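These notes concern the structure reproduced below.
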Amino acid sequence: MRFEKKVSMVTGAGSGIGRATALRLAAEGAQVVVFDHQREAAEETARLIKDGGGMARVVAGDVRSSDDLREAVSLAVETYGGLDFLVNSAGVVTMHGLDDLTEAEWDWVVDVNLKGQFLAAKHAAPAIAARGGGAIVNLSTIEAMVVVASGPHCQPHYNASKGGVAMLTKALAHELGPKHIRVNAVAPGPVATTFSGADYTAPEVRQFLAQRMIIARAAEPEEIASVIAFLLSDDARFITGVQIPVDGGWLVH
Ligand SMILES: NC(=O)c1ccc[n+]([C@@H]2O[C@H](COP(=O)([O-])OP(=O)(O)OC[C@H]3O[C@@H](n4cnc5c(N)ncnc54)[C@H](O)[C@@H]3O)[C@@H](O)[C@H]2O)c1
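Numbers given in my numbering equal positions in the sequence shown, counted from 1, plus 359.
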């Protein structure tokens with residue numbers, strides 16, 4: 360129960376890594392604000408938390424909206440008395456390279472993935488500081504460091520957005536350090552969610568992963584959530600401004 364009496368807001372908590380993180384934090388005692396633009400998905404996460412004996416409230420909101428994020432932070436303060444942690448997991452991707460990538464698609468992916476993390480931190484940080492400090496974890500990806508996709512699956516907008524997340528993480532760690540707020544990122548390799556549309560059971564995908572990785576499989580979302588929980592916890596009290604790859608060894612080669 361590392362997070363007893365702690366309050367966490369998790370964006371993108373209706374699915375995948377965000378849901379697994381919300382469940383993990385709640386299982387360790389945290390009260391969770393489940394934030395996602397898909398209301399039913401968010402409510403399902405909250406139901407799973409409550410079924411496990413945990414505490415959760417839902418905000419159906421968009422990470423590109425200051426109003427929605429303000430509402431979520433207010434809900435945390437009014438319902439649970441404050442906010443200690445923010446996990447920025449909401450994210451989107453499309454598989455288009457330069458020729459096919461539209462301006463609208465660029466704006467959507469960069470706004471959700473990068474501006475969304477900035478806005479969530481902007482609204483959450485004052486509440487976290489008011490508690491005397493806490494921690495933020497941003498979802499990056501190995502694609503902030505290397506280009507994973509190739510051929511028809513180029514995604515320069517996604518690479519750029521997550522490269523931005525890597526530096527946003529350092530910039531916020533610097534700025535929020537004096538307020539005792541640590542800011543870190545996790546950079547997963549492939550994770551078995553519906554995010555990219557990849558079928559990780561398909562033989563050609565498995566073969567591709569086997570060539571690239573030391574642990575040759577997609578991660579389960581819980582294997583990312585456990586690292587996020589570590590970074591939020593007191594065990595990581597001397598870690599700030601870093602991006603930790605959780606990638607089955609992808610970046611080794
Ligand atoms: N799955 C992977 O292979 C992988 C690998 C590396 C990094 N990541 C990163 O991890 C994060 C989570 O990915 P996932 O695999 O859990 O994806 P997912 O699609 O399962 O979950 C993403 C969630 O974000 C929500 N969301 C999307 N746009 C939103 C918006 N504008 N406002 C609020 N919520 C919004 C979705 O409704 C969804 O519930 C993303 O930031 C992604 O870039 C994923």
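The beta-carbon is built from N, C-alpha and C at its ideal position, and this holds for glycine as well. The structure displayed is predicted, hence computed values, not measured ones.
I think V468 touches A431, with their Cβ atoms under 8 Å apart; what is that distance to the nearest whole Å? Within the sequence shown, the letter at position 109 stands for residue 468. Within the sequence shown, the letter at position 72 stands for residue 431. Not a contact, Cβ separation roughly 22 Å.
Which same chain residues end up closer than 7 Å to K529 when comparing Cβ atoms and leaving out the 5 residues on each side of it in sequence?
Taking the first residue of the sequence shown as 1, we reach residue 529 at position 170. So the list reads G600, once near-sequence residues are dropped.
Check your understanding: Using 8 Å as the Cβ pair cut-off and three pairs as the minimum, do the stretch 361–375 and the stretch 396–405 touch?
Key -> yes
Notebook entry, point to check: Is there at least one non-hydrogen atom of ligand 1 closer than 7 Å to the beta-carbon of D395?
Noted result: Numbered from its first residue, the sequence shown carries residue 395 at position 36. Checking every heavy atom of ligand 1 against the Cβ of D395, one is found closer than 7 Å.
- When the Cβ atoms of the stretch 562–573 are set against those of the stretch 477–493, are three or more pairs found closer than 8 Å? no
Could you give the distance in angstroms between the alpha-carbon of A449 and the alpha-carbon of V545?
Taking the sequence shown and counting its residues from 1, one reaches residue 449 at position 90. Taking the sequence shown and counting its residues from 1, one reaches residue 545 at position 186. Answer to the nearest angstrom: the Cα atoms are 13 Å apart.
| query | Taking C-beta to C-beta, are N447 and Q476 nearer than 8 Å? | reply | Start at 1 with the first residue of the sequence shown, and residue 447 comes out as number 88. Start at 1 with the first residue of the sequence shown, and residue 476 comes out as number 117. Yes, these two residues count as a Cβ contact at 8 Å.
* To do: Just mark T404 as buried or exposed, buried being the case when its beta carbon has 16 or more other beta carbons within 10 Å.
  => Here residue 404 refers to the residue found at position 45 when the sequence shown is read from its first residue. So T404 ends up on the buried side.
**Item:** Coarse secondary structure for M504, derived from DSSP in three states
**Value:** Position 145 of the sequence shown holds residue 504. Coil, per DSSP.
Does the beta carbon of V611 fall short of 7 Å from some heavy atom of ligand 1?
To locate residue 611, count along the sequence shown from 1; it is residue 252. No.
Using the Cβ count rule (16 or more neighbours within 10 Å means buried), how would you classify S424? Residue 424 sits at position 65 when you count from the first residue of the sequence shown. It counts as exposed.
Handout entry: Assigned secondary structure, M414 (DSSP; H/G/I helix, E/B strand, else coil)
Key = One-based indexing of the sequence shown puts residue 414 at position 55. Strand.
Straight-line gap, H512 to F589 (C-alpha atoms, nearest Å): Mapped onto the sequence shown, residue 512 falls at position 153. Mapped onto the sequence shown, residue 589 falls at position 230. Between H512 and F589, the C-alpha separation is close to 33 Å.
What does F394 pair with, by DSSP beta-bridge criteria?
Sequence index remark: in the sequence shown, residue 394 carries index 35 (1-based). Answer is T370 and V418, bridged to F394.
| query | Can you tell which of A551, P604, A463 and A479 has the C-alpha that lies nearest to the C-alpha of L428? | reply | As a working note, residue 428 is residue 69 in the sequence shown. Among A551, P604, A463 and A479, the Cα nearest to that of L428 belongs to A479.
So what does DSSP say about I603, is it helix, strand or coil?
-> Along the sequence shown, one-based indexing puts residue 603 at 244. The answer is strand: DSSP assigns I603 an E or B state.
| query | Is the CB-CB distance between V524 and L473 below 8 Å? | reply | Position 165 of the sequence shown, counted from the start, is the residue given in the question as residue 524. Position 114 of the sequence shown, counted from the start, is the residue given in the question as residue 473. In contact: V524 and L473 (Cβ atoms closer than 8 Å).
Residue environment, T500, which counts as buried when at least 16 other CB atoms sit within 10 Å: Here residue 500 refers to the residue found at position 141 when the sequence shown is read from its first residue. It counts as buried.
ask   = Does the Cβ of G607 have 16 or more other Cβ atoms within 10 Å, making it buried, or fewer, making it exposed?
value = Taking the first residue of the sequence shown as 1, we reach residue 607 at position 248. Label assigned to G607: buried.
Could you tell me the boundaries of the beta strand (DSSP E) in which L498 lies? Walking along the sequence shown from the start, residue 498 turns up at place 139. Here the beta strand (DSSP E) through L498 covers G493 to L498.
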